[in-house]
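Same order as they appear, the protein sequences are chains A, B, C and D.
Numbering-wise, the working numbering puts 554 at position 140 of the first sequence, and it's gapless, one number per residue.
Numbering-wise, the working numbering puts 500 at position 86 of the second sequence, and it's gapless, one number per residue.
Numbering-wise, the working numbering puts 186 at position 75 of the third sequence, and it's gapless, one number per residue.
Numbering-wise, the working numbering puts 178 at position 67 of the fourth sequence, and it's gapless, one number per residue.
Backbone N, C-alpha and C fix where the C-beta goes; we use that ideal spot for every residue, glycine too.
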Amino acid sequence: MNNTQIVLSSESLNVQSCIDWIMSPESGGIDVFIGTVRNATKGKPVLKLDFEAYEPMAISEMEKIAQQAFEKWPVQKVLIHHRTGTLQVGEVPVIIAVSAAHRDAAFEACRYIIDTLKQTVPIWKKEAFEDGEVWVAAHP
Amino acid sequence: MNNTQIVLSSESLNVQSCIDWIMSPESGGIDVFIGTVRNATKGKPVLKLDFEAYEPMAISEMEKIAQQAFEKWPVQKVLIHHRTGTLQVGEVPVIIAVSAAHRDAAFEACRYIIDTLKQTVPIWKKEAFEDGEVWVAAHP
Amino acid sequence: MKINVLAFGVAKEIFGSSLVSLELTNDATIYNLKYLLEQQYPRLKQLASYMVAVNNEYALPGDTIHERDEIAIIPPVSGG
Amino acid sequence: MKINVLAFGVAKEIFGSSLVSLELTNDATIYNLKYLLEQQYPRLKQLASYMVAVNNEYALPGDTIHERDEIAIIPPVSGG
Numbered sequence: 415m416n417n418t419q420i421v422l423s424s425e426s427l428n429v430q431s432c433i434d435w436i437m438s439p440e441s442g443g444i445d446v447f448i449g450t451v452r453n454a455t456k457g458k459p460v461l462k463l464d465f466e467a468y469e470p471m472a473i474s475e476m477e478k479i480a481q482q483a484f485e486k487w488p489v490q491k492v493l494i495h496h497r498t499g500t501l502q503v504g505e506v507p508v509i510i511a512v513s514a515a516h517r518d519a520a521f522e523a524c525r526y527i528i529d530t531l532k533q534t535v536p537i538w539k540k541e542a543f544e545d546g547e548v549w550v551a552a553h554p
Numbered sequence: 415m416n417n418t419q420i421v422l423s424s425e426s427l428n429v430q431s432c433i434d435w436i437m438s439p440e441s442g443g444i445d446v447f448i449g450t451v452r453n454a455t456k457g458k459p460v461l462k463l464d465f466e467a468y469e470p471m472a473i474s475e476m477e478k479i480a481q482q483a484f485e486k487w488p489v490q491k492v493l494i495h496h497r498t499g500t501l502q503v504g505e506v507p508v509i510i511a512v513s514a515a516h517r518d519a520a521f522e523a524c525r526y527i528i529d530t531l532k533q534t535v536p537i538w539k540k541e542a543f544e545d546g547e548v549w550v551a552a553h554p
Numbered sequence: 112m113k114i115n116v117l118a119f120g121v122a123k124e125i126f127g128s129s130l131v132s133l134e135l136t137n138d139a140t141i142y143n144l145k146y147l148l149e150q151q152y153p154r155l156k157q158l159a160s161y162m163v164a165v166n167n168e169y170a171l172p173g174d175t176i177h178e179r180d181e182i183a184i185i186p187p188v189s190g191g
Numbered sequence: 112m113k114i115n116v117l118a119f120g121v122a123k124e125i126f127g128s129s130l131v132s133l134e135l136t137n138d139a140t141i142y143n144l145k146y147l148l149e150q151q152y153p154r155l156k157q158l159a160s161y162m163v164a165v166n167n168e169y170a171l172p173g174d175t176i177h178e179r180d181e182i183a184i185i186p187p188v189s190g191g
């Protein structure tokens, strides 16, 4: 579908190329969510993050979420880019971009996509601290 | 304040430089709203838009909105860039960017800022159609 | 006192100018100013609404106008 | 039948491998698979939760497993 762009990549994500792809003369509002690797979790310094994905299923689940966004809101284009591999503090694990004729739909769909991605897409993040590594959310 | 960047400019807005400014190692989520000039209003082709601002008051009102965002949500940086002058279809009249440790605050503050900007900041837009020009929202 | 009133957007077209001068009494309020302007430029009353700003702040109808205040007519805004 | 189970994230560490092989009866369900795995790898029960995917789709406990299905253990996801 040329109104959807899903990418799972071990290379740096490029915000500008996402913006270039999402903009169109039909759209009036674009909402972009950019996740970044924070330097601390609950006050504890983070050294780096490792992202692992079950790649074919992750792409399939991201496509489902994009499809749901089109069903729920009058949006024009949906972009989801996610990184894999090792990311340093300040790097970008995820970019979501949504264009729509009106901003309500763009904001709501963008929010829905990142919230749902964090619940359903098989990607796992391991945080490296000075005293060891932890798979995020694995244990109660 | 070095956590706030307000710009009113007759030059093209640059999304990448906004992203570069808003990103920081403390932030985990960034929400960016980009307004674009749509090629039609209620099905009628739009040729161009002219933006006029009461500049000192527009800047002062944008600063107030940024300040309110800091009071209402735990956000780290707020950026508001707005164009003046003549814009063609596809050009960008406004960019709002908000960074926060967590995405909830970034999304809610970004939405609040664009909604409030459209209600209070003294900037006016004139739409040029094939059969004439109209100041948007001027008349009931 | 003589005051200058800045006009923007559609108000500039209604006034035929980006600045008009008015003679007001010394204790004049925003309400008085709007009444005078609407007498002189009846098309103002056809606007969806309009506000008056004094020194870059939105003013209330009861606010008093002082000499040298920067007064501006703010028709419905439509930025963003 | 013999099936291969893919493991990701913390499950890979619990299994000590990204792929383990199991012998299942022909009418085995996801429920049966989880029971067997938890017998063999008790640390699975310490996870906040985990799902099983069959051919890239989340499966329900009652779903039957077929030979050649691609089975994967999905510990709590944490992307984004």
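Which term fits Q490 (chain A), buried or exposed, when burial requires 16 or more other beta carbons within 10 angstroms of its beta carbon? buried
Distance, Cα to Cα, P470 (chain B) vs N167 (chain C)? 7 Å
Residues that V116 (chain C) bridges to, as DSSP identifies them: C:V131, C:I182
What in chain B is Cβ-close to S128 (chain C), meaning under 7 Å? Ordered by position in chain B, no residue passes the 7 Å Cβ test against S128 (chain C), which lies about 14 Å from the chain.
Mind checking which residues open and close the alpha helix (DSSP H) that includes I479 (chain A)? I479 (chain A) -> alpha helix (DSSP H) spans 469-486.
Euclidean distance between Cα positions of H496 (chain A) and I494 (chain B): 27 Å
Beta bridge counterpart(s) of H496 (chain B) as assigned by DSSP: Bridge partners of H496 (chain B): B:L422, B:V508.
Determine which residues share a DSSP beta bridge with P439 (chain B) and list them. Beta-bridge pairing links P439 (chain B) to no other residue.
Nearest candidate by alpha-carbon position, reference D138 (chain D), set D:G190, D:A122, D:G173: Taking only the C-alpha atoms, the option nearest D138 (chain D) is D:G173.
Reference I185 (chain C), options C:E134, C:L130, C:L135, closest by Cα: C:L130
If you check the beta carbons only, do T565 (chain B) and E466 (chain B) fall under 8 Å apart? Any answer about residue 565 (chain B) is impossible in this case: the structure gives chain B only from 415 up to 554.
Kindly indicate if chain C contains any beta-carbon less than 8 Å away from that of T455 (chain B). no
Would I509 (chain A) pass as a contact of L427 (chain A) if the rule is Cβ separation under 8 Å? yes
Taking 8 Å as the limit between beta carbons, can you name the residues of its chain near A523 (chain B), skipping five residues before and five after? These residues qualify, in order along the chain: D445, A483, K486, W487, V489, V492, V512, A514.
Helix, strand or coil, according to DSSP, for L158 (chain D) in the structure here? coil
Using the Cβ count rule (16 or more neighbours within 10 Å means buried), how would you classify L461 (chain A)? exposed
Suppose the cutoff is 8 Å on Cβ atoms and the five residues either side in sequence are ignored; what does the same chain contact list for D529 (chain B) look like? For D529 (chain B), where only same-chain residues beyond five positions count, there are no Cβ hits under 8 Å.
For V121 (chain D), three-class secondary structure by DSSP: helix
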